[in-house]
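Have a look at the structure below, then the notes.
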Amino acid sequence: KSSINNIFSSNHTLTNVTSCSSQRRQLPQDLVSSFQMNENNNKVEVARQKIIQHYFMNGDANVEEFADMEWKVLPHAIAWAGRDSTGIQLLYRLFQSMPSLFGIDGKETTLGAKRKRLDK
5 KSSINNIFSS
15 NHTLTNVTSC
25 SSQRRQLPQD
35 LVSSFQMNEN
45 NNKVEVARQK
55 IIQHYFMNGD
65 ANVEEFADME
75 WKVLPHAIAW
85 AGRDSTGIQL
95 LYRLFQSMPS
105 LFGIDGKETT
115 LGAKRKRLDK
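The opening residue of the sequence shown carries number 5 in my numbering; numbering runs sequentially from there.
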């Protein structure tokens, strides 16, 4: 599996593969999907979509990558991932997996209860 950096650093220009072989083979769906994404001229957005789709949305997704980020970088990474419908599922999984990143401690609260102030 490619690293996030390798996915981001790719030039994202390949849109088709042909073969001289007489045997026609069906391309894997993830490869077809990558070719379709590469048709977008905004290569930064293509990289973002590929990182989300191939790195975080597969069955072996590791949303804990966010836990290892510096606190200054984390809000930007979350905003970057969730800026459209492509990243919403990732944010949902991140929220489920790591509620502590969002200041949720897992304890039940009631509506209207006062929140503890952090500026004491």
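Backbone N, C-alpha and C define an ideal beta-carbon position, used for all residues, glycine too.
Cα-Cα separation between Ser37 and Phe106, rounded to whole angstroms:
32 Å
With the cut-off set at 8 Å, would you say Ala83 and Ile56 are in Cβ contact?
no
Beta-carbon contacts of Met102 that lie in its chain and below 8 Å, excluding the five residues immediately before and after
Around Met102: Val67, Glu68, Phe70 and Ala71.
Give me the Cα-Cα distance between Asp88 and Ser7, rounded to the nearest whole angstrom.
23 Å
With 16 other Cβ atoms within 10 Å as the buried cut-off, status of Gln33:
exposed
At which residue ranges does the region 24 to 72 contain complete alpha helix (DSSP H) runs of 4 or more residues, listed in the order of the chain?
33 to 42 and 47 to 54
Whole-angstrom distance between Asn45 and Asn10, CA atom to CA atom:
Distance between the alpha carbons of Asn10 and Asn45: 19 Å.
Mind checking His16: buried by the 16 CB within 10 Å criterion, or exposed?
buried
Spatial distance of Lys47 from Met73 (CA atoms)
24 Å
Which residue wins for smallest C-alpha separation from Met41, given the options Tyr96, Gly91 and Leu18?
Leu18
For Gln93 and Val50, I'd like the C-alpha separation in whole angstroms.
17 Å
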